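Take a look at the structure set out below.
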Amino acid sequence: MLSRVRTNLIFSLVIICTIPVMGKEKAANYFPSTLDSYWVYEDQDGNELKRTVVEGEEIAGETYLAFSYEPEIEDWVNFSRFIHPELFKVSDKGITLSVKEDVEKAVHARLAKEMKMFIDVFKNETSSVEAEPTYTIKVEAEKDFMLLNTPIDLNEEWDTSRMNASLTFGLTQADSVTIDFTIIETGIVKGKETIETSAGTFENCLKVQYRTETVADFNQAVEADEVDPPGETVTTVWFAPNVGIVKYHQVMNYMFLELIPDDEGLPLPNAPVPKTLELKKYEIKK
């Protein structure tokens, strides 16, 4: 009996010791922010991106630092709020990114790209129709994006951001359709992993998954089987202690084009290629 109790106790201790202890960890440990620190990343196509911590600005009495980028972003379709924030704040609450205007530009650019692809398909499939659809896009995003919370808790979800987008399109104003998208993104710490990149081997990396949940509301009555759910985005980021982001992977689906059911038979484009970034080299200033 005593032997069995001792065995169970030892087994329980082993289990407890293998569970990552995160409750008292601060997000700042995974997001160094000393001036002139830099990180160089390589994407899935071999392109490099360097981001460097520079002086920021004060907003509403709070100090924000900034990142500079080489090269600077040119096409807003390629913007990632995880990788390209201009301003950020490290506080006792966690890591906050100030990305409102940039997110609005990016979502607008992506929806515009989808509409252009849709119009190309429409023109090819309806050659007898001389007019082509026109569209307008409006986007409203929150000021802040909560990248990481303090304290860091395993499997505890938090809301990172919320945004609204409105897409109106049609051949004429009278027959136009408006779709209001509400996008809420959550983050969750999935655990810790060892990550290897060309910059080295990084142990005890936080694996954080960010997932969108999008609702599409139409200004006209639409049957459930007439549209599919809007496309979602799943982003996974690995943060190494005292280093920052060492790996990034994002699977993004089309927000508007995904609404069109497959049985419509339209030759729609393939889903976007997943995006990856891995740390190539870095220097954290003291």
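Sequence positions in the sequence shown follow our numbering and run 264 to 549.
Beta carbons are placed, not taken as given, at the ideal position from N, Cα and C, and that holds for glycine.
Note that this is a predicted model, so its numbers are computed, not measured.
Close Cβ partners of residue i (< 8 Å) along its chain, the five nearest in sequence each way excluded
i	result
E395	I382, F385, K386, L434
L529	V384, E388, I523
A329	V316, V317, E318, G319, E320, E349, L350, F351
Close beta carbons around residue i, own chain, < 7 Å, minus the five adjacent residues each side
i	result
M264	Below a pLDDT of 50, predicted positions are generally treated as unreliable, and M264, at 48, falls in that range; no measurement from the model is reported.
D355	T413
6 Å CB neighbourhood of residue i in its chain, flanking five on each side removed
i	result
W421	N412, G450
K401	S429
P532	M380
Residues bridged to residue i [DSSP beta-bridge criterion]
i	result
D558	In the structure as shown, the chain starts at 264 and stops at 549, and residue 558 therefore has no counterpart that could be examined.
L469	K455, F502
A394	None, per the DSSP bridge assignment.
G463	T460
I442	L430, F481
T238	Since the first residue shown for the chain is 264 and the last is 549, residue 238 is missing from the structure and cannot be characterised.
G450	W421, Y473
Y293	Y293 pairs with nothing; no bridge assigned.
G507	A503
Residue i, buried or exposed, once every other Cβ within 10 Å from all chains shown has been counted against 16
i	result
V353	buried
E377	buried
S331	exposed
A369	buried
D525	exposed
E521	buried
K453	exposed
S390	exposed
I346	buried
A503	buried
V536	exposed
V478	exposed
F519	buried
Unbroken alpha helix (DSSP H) run spanning residue i, endpoints
i	result
M380	363 to 388
Extent of the continuous beta strand (DSSP E) to which residue i belongs
i	result
Y332	325 to 333
N418	Where N418 is concerned, there is no enclosing beta strand (DSSP E), given that its DSSP letter is neither H nor E.
D407	407 to 412
Y517	That residue, Y517, is in no beta strand (DSSP E); it is neither H nor E in DSSP.
S354	350 to 354
R314	311 to 322
A404	397 to 404
Stretch pair the region 400 to 415 + the region 283 to 303: three plus CB contacts closer than 8 Å:
yes
With three or more C-beta pairs closer than 8 Å as the rule, is the region 480 to 499 touching the region 454 to 466?
no
Would you call the region 306 to 314 in contact with the region 359 to 368, where contact means no fewer than 3 C-beta pairs closer than 8 Å?
no
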